[in-house]
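Q: To convert, note that position 14 of the sequence shown is 171 in my numbering; the numbers rise steadily by one, no gaps.
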Amino acid sequence: MPVTEKDLAEDAPWKKIQQNTFTRWCNEHLKCVNKRIGNLQTDLSDGLRLIALLEVLSQKRMYRKYHQRPTFRQMQLENVSVALEFLDHESIKLVSIGSS
């Protein structure tokens, strides 16, 4: 069954609450490394804050080098890939998480 605009509109408040809650949770953990997330979609896109969050939560460093200043989209995607490989190496499974 196709998703209608009404379905999306009814779902919006719940998604906003989840987004705000997760953003606050991330910021609480990132505080110790002087980083902050304002917008999940844009601030995690270069991989740097995601890597920082994973390092704080795991208390480990990334196994691979990553781009400290990712100026190109390819560099940003490589950083996200490094973060996902770290999760895989640590046997952390991602459930119900997609790219949308």
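Here a beta-carbon is modelled for each residue, glycine too, at the ideal position from N, C-alpha and C.
Bear in mind that the values here come from a model prediction, so they are computed numbers and not experimental data.
Applying the 10 Å Cβ sphere with the 16-neighbour rule, what's the burial state of N191?
A: Exposed, by the Cβ-count rule.
Q: With a cut-off of 8 Å, do at least 3 Cβ pairs link the stretch 216-225 to the stretch 240-257?
A: The stretch 216-225 vs the stretch 240-257: in contact.
Q: According to the neighbour-count rule (16 or more other Cβ atoms, all chains shown, within 10 Å of its Cβ), is V264 buried or exposed?
A: Since the first residue shown for the chain is 158 and the last is 257, residue 264 is missing from the structure and cannot be characterised.
Q: Between the stretch 194-207 and the stretch 168-175, can you find at least three pairs of beta-carbon atoms closer than 8 Å?
A: Too few Cβ pairs lie closer than 8 Å, so no.
Q: Is it buried or exposed for F229, if we count other Cβ within 10 angstroms and need 16 for buried?
A: Label assigned to F229: exposed.
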